[in-house]
Amino acid sequence: MNTQTTIAIIGPKGSHAWQAACKFSEQRKLKSKIKSYAHVSSAMEGFNKNQADYLALPVYNTRIGGILQSFQVMDRLYKASWVDNIVLPIHLSLGSLDTRDELKVFLGTKSVLRQCEDHFAVIYPHISLLTVPDLDKAIEEIKENNLTDRGVIEAESLLTEHGLAIRQREIVTHNKTRFAFIGRKPAERSGYDATSLITVPLKDRVGMLFDTLGEFTRRGINLLDMRVESDAKTQKLQIYIETEGHREDQDVASALESIEKDIIQEPDSIKILGSYPRLDMRVKRIKTFGFIGTGDMSVWFAKKLEHEGYDTILTGRSTELRPEEMIGQVDVVCVCVPISYTPDTVKQYGPLLTDGQALILLAGEAEKTLDTALKHTSQGVEVMLVHNLWGPAAVTMKDKNASVVRTPRSGALCSEFEAFLYKHGADICHDTPNGHDLLMGVGQKLPTTISVALACALKDNNINTSDIANHSTLTSLYGILAMARVHSQNPRTYAEIMSTSGDGQKIVKSFAENILKLIDMSEKGEISGLCEVIEKSRTYFKDEFLQASMKQALAVDETLGKVIKS
Numbered sequence: 017m018n019t020q021t022t023i024a025i026i027g028p029k030g031s032h033a034w035q036a037a038c039k040f041s042e043q044r045k046l047k048s049k050i051k052s053y054a055h056v057s058s059a060m061e062g063f064n065k066n067q068a069d070y071l072a073l074p075v076y077n078t079r080i081g082g083i084l085q086s087f088q089v090m091d092r093l094y095k096a097s098w099v100d101n102i103v104l105p106i107h108l109s110l111g112s113l114d115t116r117d118e119l120k121v122f123l124g125t126k127s128v129l130r131q132c133e134d135h136f137a138v139i140y141p142h143i144s145l146l147t148v149p150d151l152d153k154a155i156e157e158i159k160e161n162n163l164t165d166r167g168v169i170e171a172e173s174l175l176t177e178h179g180l181a182i183r184q185r186e187i188v189t190h191n192k193t194r195f196a197f198i199g200r201k202p203a204e205r206s207g208y209d210a211t212s213l214i215t216v217p218l219k220d221r222v223g224m225l226f227d228t229l230g231e232f233t234r235r236g237i238n239l240l241d242m243r244v245e246s247d248a249k250t251q252k253l254q255i256y257i258e259t260e261g262h263r264e265d266q267d268v269a270s271a272l273e274s275i276e277k278d279i280i281q282e283p284d285s286i287k288i289l290g291s292y293p294r295l296d297m298r299v300k301r302i303k304t305f306g307f308i309g310t311g312d313m314s315v316w317f318a319k320k321l322e323h324e325g326y327d328t329i330l331t332g333r334s335t336e337l338r339p340e341e342m343i344g345q346v347d348v349v350c351v352c353v354p355i356s357y358t359p360d361t362v363k364q365y366g367p368l369l370t371d372g373q374a375l376i377l378l379a380g381e382a383e384k385t386l387d388t389a390l391k392h393t394s395q396g397v398e399v400m401l402v403h404n405l406w407g408p409a410a411v412t413m414k415d416k417n418a419s420v421v422r423t424p425r426s427g428a429l430c431s432e433f434e435a436f437l438y439k440h441g442a443d444i445c446h447d448t449p450n451g452h453d454l455l456m457g458v459g460q461k462l463p464t465t466i467s468v469a470l471a472c473a474l475k476d477n478n479i480n481t482s483d484i485a486n487h488s489t490l491t492s493l494y495g496i497l498a499m500a501r502v503h504s505q506n507p508r509t510y511a512e513i514m515s516t517s518g519d520g521q522k523i524v525k526s527f528a529e530n531i532l533k534l535i536d537m538s539e540k541g542e543i544s545g546l547c548e549v550i551e552k553s554r555t556y557f558k559d560e561f562l563q564a565s566m567k568q569a570l571a572v573d574e575t576l577g578k579v580i581k582s
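Written out as structure tokens, the structure reads:
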């Protein structure tokens, strides 16, 4: 037998808080009674006296930001835990007794009027604004005294409930409010959680905030929100943090323990407001990603996406579920196979995608690969190429380069994947297909070809590798280290890079032609001619590029010097 649950809200029936409580009740399949309070303090008192099982508090609005008063209330609640959230689109309307008289005063709650400030400044610059704590009472006074020059700002459902005429709908756009729901018991892990905490008023010291953030950063924990305020009574520092992860997760728990014991160094200085299913204020259109390819890079991306709340399915030659079966179950198909297999894979599976899905190519060659994808998918399928310039050994993608090649068919799903890269700190560069291929010739194909050729030259001339370091400058070691790196990893990867047929081949061929010319000039002793070649190239490069590169080179020299000495 279901017992009735009471939800305390601030505001009358029909208000946005009331709508949020209805939605919360519906999602949890609760038989609920919604109890309205006129003030935050009275709602808090009612919850503390067990007059309600849940308390709904507005904590964030897209127009005005964080709502400090709600966090101050949470700090004073007893046996309470933040257990869930509801994000509600806020559709504010303007109502009055009739639509004929000129309005002179607008009434609304403090939060609502703040949300409309920009609109009022432009449309109603001379009108008076009156903040009211109890909207029900204020509307009754308008009706009793026939105040036809008063306008009320609130949800349309509340205005019509009181018999007011609607003068204007949707006063402000892109307006949402996040309501926190406070319960009696902590929420269990959902697998996609967040944790909110607030400190007691702290003794300020230099570096405290920086050190606190460092405990999350070094554990790879992303912060969703952070605010620093001065406590009203003591004027001491008080920090509010919302972090990804559940309070019982090992990384989160260890970070909080270290912050309290080692950084703040005050016992019981952190109050955990609660852990709850993580909330996205942004609209997520994608539910499931499907991968064709089960290699290390597919697994790496799948884990990162799962951490963001997406479902993932990996398929390949060794999986029981075949790619053709997976495609109908997902929103986005990611092709992550060796470069030489990518076009044939797209030809085979691209026609199976339907309008409304997206095909993302995690590949290193753009022009021909994208041409193939656009040719073998229908017009309603989104297509985009992403070339991540890091391998599966990377812990994060922070500050790693990612080349994104959009097409005329890259839409909202592709943008959501790009936003995922951006959130995790990838340094995104937008390329054209042929521009990407040329730059990959510079960044990958040519260096790989040089490394393999250098190794062949050392082998052909029987060079003792133990003598190389003793006869190298720090600058010449760059090439030796790159060569060693290439030859210490999977040769197939680098053979694939060298064998791609895009415009990057032009770079390698141009390099080969120029090196033959330089060898010929060197053998003839044409020193002045060689100087002229260098000067022309120096003029081509901008000073900004040369200076930045020199700065990087000196930093590498310093590191190499320390390594060699040790």
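Quick note on numbering: the working numbering labels position 519 of the sequence shown as 535, and the sequence is numbered without any gaps.
Cβ coordinates follow ideal geometry from the N, Cα and C atoms, glycine included.
Between E260 and the rest of its own chain, which residues show a CB-CB distance below 7 Å, the 5 nearest in sequence each way excluded?
-> Locating residue 260 in the sequence shown gives position 244, counting from the first residue. Excluding positions up to five away in sequence, the list reads A210, I237, N238, L240 and R294.
Is Q254 helix, strand or coil when you go by DSSP?
-> For the purposes of this step, residue 254 is taken as the residue at position 238 of the sequence shown. In the structure shown, Q254 sits in a strand (DSSP, three-state: E or B).
By Cβ distance below 6 Å, which residues in the same chain neighbour Q364 in space, the five residues on each side in sequence not counted?
-> Position 348 of the sequence shown holds residue 364. Nothing meets the Cβ criterion.
Selected residue, minimal CA-CA separation from A24, among K47, K45, M60 and E42 | Residue 24 sits at position 8 when you count from the first residue of the sequence shown. For A24, the nearest C-alpha among the options comes from M60.
Could you tell me which of I50, K39 and C38 sits nearest to T7, measuring between CA atoms?
-> One cannot answer for residue 7 here, as it falls past the ends of the chain, which runs 17 to 582.
What does a CB cutoff of less than 6 Å around M17 pick up in its chain, not counting 5 residues either side in sequence?
-> By 1-based counting over the sequence shown, the position of residue 17 is 1. Model confidence at M17 stands at a pLDDT of 46, short of 50, so the residue's coordinates are unreliable; what they give is reported in the following sentence. Within the same chain, M17 has no close Cβ partners at all.
Whole angstroms is fine: what's the gap from C132's alpha carbon to I187's?
-> Within the sequence shown, the letter at position 116 stands for residue 132. Within the sequence shown, the letter at position 171 stands for residue 187. In a straight line, the C-alpha of C132 is about 7 Å away from that of I187.
Pull up the DSSP beta-bridge partners for T328, would you.
-> To locate residue 328, count along the sequence shown from 1; it is residue 312. DSSP output for T328 lists F305 as bridge partner(s).
Classification of Q373 by the beta-carbon crowding that lies within 10 angstroms, buried from 16 upward = Within the sequence shown, the letter at position 357 stands for residue 373. Q373 is buried by the Cβ-count criterion.
Would you tell me roughly how many angstroms separate the C-alpha atoms of K153 and N101, rounded to the nearest one?
-> Stepping through the sequence shown from its first residue, residue 153 is reached at position 137. Stepping through the sequence shown from its first residue, residue 101 is reached at position 85. Rounded to whole angstroms, K153 and N101 show a C-alpha spacing of 29 Å.
Rounded C-alpha distance that separates G325 from G306 = Along the sequence shown, read from residue 1 onward, the residue named residue 325 stands at position 309. Along the sequence shown, read from residue 1 onward, the residue named residue 306 stands at position 290. C-alpha separation (whole angstroms): 14 Å.
Quick one, which of L46, K47, K39 and A72 has its alpha-carbon nearest A54's?
-> Within the sequence shown, residue 54 is the residue found at index 38, counting from 1. The residue with the shortest Cα to Cα distance from A54 is A72.
Report the three-state DSSP secondary structure of T361 (helix, strand or coil).
-> Counted from its first residue, the sequence shown places residue 361 at position 345. Helix at T361.
Contiguous beta strand (DSSP E) assignments of at least 3 residues, all confined to the stretch 178–214 | 181–184 and 192–199
S517 to S356, Cα distance in whole Å?
-> On the sequence shown, residue 517 is found 501 positions in, with the first residue counted as 1. On the sequence shown, residue 356 is found 340 positions in, with the first residue counted as 1. Near 10 Å, if we compare the C-alpha coordinates of S356 and S517.
With burial defined as no fewer than 16 other Cβ atoms inside 10 Å of the residue's Cβ, what is the status of T448: buried or exposed?
-> By one-based count along the sequence shown, residue 448 stands at place 432. Exposed: under 16 other Cβ atoms inside 10 Å.
Answer with buried or exposed for F232, where buried requires no fewer than 16 other C-beta atoms within 10 angstroms of its C-beta.
-> In the sequence shown, the residue the question calls residue 232 occupies position 216. Under this definition F232 is a buried residue.
Status (buried if at least 16 other CB within 10 Å, exposed otherwise) for D453 | By 1-based counting over the sequence shown, the position of residue 453 is 437. Classification of D453: buried, given that the 10 Å Cβ count is 16 or more.
Under 9 Å, do V397 and V421 count as touching if we go by C-beta distance?
-> For the purposes of this step, residue 397 is identified with residue 381 of the sequence shown, where counting begins at 1. For the purposes of this step, residue 421 is identified with residue 405 of the sequence shown, where counting begins at 1. The answer is no: Cβ separation not under 9 Å.
What residue does the beta strand (DSSP E) around R422 start on, and which one ends it?
-> Position 406 of the sequence shown, counting from 1, holds the residue named residue 422. From DSSP, the beta strand (DSSP E) with R422 extends over N417 to R422.
Quick check: the stretch 116–129 against the stretch 141–150, are there 3 or more CB pairs under 8 Å?
-> yes
Supposed contact pair I198 and Y76 - C-beta distance, whole angstroms, cut 8 Å | For this step, residue 76 is matched to residue 60 along the sequence shown. For this step, residue 198 is matched to residue 182 along the sequence shown. About 15 Å separates the two Cβ atoms, so there is no contact after all.
Cα separation between W406 and Q266?
-> As a position in the sequence shown, residue 406 is number 390, starting the count at 1. As a position in the sequence shown, residue 266 is number 250, starting the count at 1. Spanning the two alpha carbons is a distance of roughly 27 Å.
So I308 and V351 are in contact, right, with Cβ under 8 Å, and what is the actual spacing, rounded?
-> The residue labelled residue 308 in the question sits at position 292 within the sequence shown. The residue labelled residue 351 in the question sits at position 335 within the sequence shown. Contact flag correct, Cβ pair sits at about 5 Å.
Own chain, CB closer than 6 Å to D312, minus 5 neighbours either side, in chain order | As a first step, residue 312 is located in the sequence shown; it is residue number 296 there, counting from the start. Around D312: P408.
Using a threshold of 9 Å, state whether the C-beta atoms of T304 and V348 are closer than that.
-> Position 288 of the sequence shown, counting from 1, holds the residue named residue 304. Position 332 of the sequence shown, counting from 1, holds the residue named residue 348. Yes; because the gap between Cβ atoms is below 9 Å, this pair is in contact.
Can you give the Cα-Cα distance for T595 and K300, rounded to whole angstroms?
-> Nothing can be reported for residue 595, as the shown portion of the chain is limited to 17 through 582.
Consult DSSP for M17 and reduce its assignment to one of helix, strand or coil.
-> Position 1 of the sequence shown, counted from the start, is the residue given in the question as residue 17. Caution is warranted here: a pLDDT of 46 is assigned to M17, below 50, making its placement in the model unreliable, and the coordinate value is therefore given only provisionally. Three-state DSSP puts M17 in coil, outside helix and strand.
How many Å lie between A564 and R554 at the Cα?
-> Reading the sequence shown from its first residue, position 548 is the one you call residue 564. Reading the sequence shown from its first residue, position 538 is the one you call residue 554. So the alpha carbons of these two residues sit roughly 14 Å apart.
Straight-line CA distance for P217 to P202?
-> The residue given as residue 217 occupies position 201 in the sequence shown. The residue given as residue 202 occupies position 186 in the sequence shown. Here the alpha carbons of P202 and P217 stand approximately 24 Å from one another.
Is it true that the CB of S41 sits closer than 9 Å to the CB of Y174?
-> The residue given as residue 174 occupies position 158 in the sequence shown. The residue given as residue 41 occupies position 25 in the sequence shown. Just to set this straight, residue 174 is Leu in the shown sequence, not Tyr. Not closer than 9 Å, so no.
Straight-line gap, A33 to R263 (C-alpha atoms, nearest Å) | If you number the sequence shown from 1, residue 33 lands on position 17. If you number the sequence shown from 1, residue 263 lands on position 247. Between A33 and R263, the alpha-carbon positions lie close to 27 Å from each other.
Under the three-state reduction of DSSP, which class applies to S291: helix, strand or coil?
-> If you number the sequence shown from 1, residue 291 lands on position 275. Strand, per DSSP.
Taking three-plus beta-carbon pairs below 8 Å as touching, is the stretch 159–170 in contact with the stretch 241–255?
-> Not touching, per the Cβ criterion.
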